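FYI, in the working numbering the residues of the sequence shown are 303 to 458. Heads up, the beta-carbon is just placed ideally off N, CA and C, and yes, glycines get one too. For clarity, every value in this text was computed on a predicted model and none was experimentally measured. Right, one structure below, let's go through it.
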Amino acid sequence: MTIVRPQKFFRSSIGDLTPNNVGQLKVILERELPAGSVSDVEVFCKEAVAAEDLSRLAYFNDVPVGAVVCIKSVDAKDQPAKAQKNAVPIHSLSIAALVVLKQYRNLGLETLLLESVFGEIANEKTKAIHVLPGLETSEFERSGFEAKEGVFIRST
């Protein structure tokens, strides 16, 4: 996938989701998610902030225009042994939402959001990524994950 940047200078950046900017996430989700995909956007946003996982906002010229909401989960069988202090548990990552406002698509913001998540989990023991149907998957494959039955499993 080739990202074509406009000739003019535009500034794009990624920021963490905090209780102070959760309203921006709510507006983005209400505008871009199909009706009925999230039953209660306000509850979804509060859960995203409370989880403090890998949820990010994308900014274009300092205006919030996109978001990714990710949730880590650790399976009980993947917990490290009690004797191993400071061991990092193996976990799965679920991408609950990945949206960019329609006017700001094709500027590489979705890729920027996913790269920020992949950069965060690069040194962690992530064994699988559960993704939304219809999501562009080439970024997952480039990051060392293989598709198996709708779930991306880390290649060893």
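In the DSSP assignment, A449 forms a beta bridge with F454. Secondary structure of R333 (DSSP, three-state): helix. In the structure shown, the three-state DSSP call for T413 is helix. Only residues of its own chain outside the window of five on either side were considered, and among them V401, V402, L403, K404 have a CB closer than 8 Å to the CB of E334, listed in chain order.
The beta-carbon distance between F362 and L416, rounded to whole angstroms, is 16 Å. This is too long to meet the 8 Å contact definition. In this structure, V453 keeps its C-beta atom at 8 Å or more from the C-beta atom of Y406.
Cβ neighbours of E332 within its own chain (closer than 7 Å, five residues either side excluded): V343. Within 10 angstroms of the beta-carbon of R313 lie fewer than 16 other beta-carbons, which makes it exposed.
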